[in-house]
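Working notes, beginning with the structure itself.
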Amino acid sequence: MPDELEELRKRRMQEYAAVQQQAIEQQAGLQQQAAELQAQLKMIMPQILSPVARQRIANIRVAKPDFAMQIELYLVQLFQAGQIKRPLTDAELRAILDKLVQKKETKIIRR
Numbered sequence: 001m002p003d004e005l006e007e008l009r010k011r012r013m014q015e016y017a018a019v020q021q022q023a024i025e026q027q028a029g030l031q032q033q034a035a036e037l038q039a040q041l042k043m044i045m046p047q048i049l050s051p052v053a054r055q056r057i058a059n060i061r062v063a064k065p066d067f068a069m070q071i072e073l074y075l076v077q078l079f080q081a082g083q084i085k086r087p088l089t090d091a092e093l094r095a096i097l098d099k100l101v102q103k104k105e106t107k108i109i110r111r
């Protein structure tokens, strides 16, 4: 009986170790994909944005990294669709940001 229990413990530990290893490998793959995407964005952004507009995106990235990524991906889509012919100025970028930002209105209903 003790041998069976010990064998069961060993199998469970091996299964647990295998699951952990898979999770680590998957996380490493996701990090590599994210790094490749960042490198591609870094190469294409000078074609899409003026230096001042790139600085604005960098400032947004400090405060809201997910929102900055969303903006960059949207701009790349516009560029690939041919809707952006030249680097966008800061004013043009702000106009696009105004369209993307969803402003919340808080409604207070009193009864």
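For the sequence shown, this note's numbering assigns the number 1 to the initial residue and increments by one for each residue that follows. Where is the CB? At the ideal position from N, CA and C, for every residue including glycine. These numbers come from a predicted model, not from an experiment.
- The continuous alpha helix (DSSP H) containing GLN55 extends over residues 51 to 63.
- Cβ contact annotation for TYR16 (same chain, cutoff 7 angstroms, sequence separation greater than five): none.
- For the pair ILE84 and ALA95, the Cα-to-Cα distance works out to about 14 angstroms.
- Only residues of its own chain outside the window of five on either side were considered, and among them PRO87, LEU88 have a CB closer than 6 angstroms to the CB of LEU49, listed in chain order.
- By DSSP's assignment, LEU88 forms a beta bridge with LEU49.
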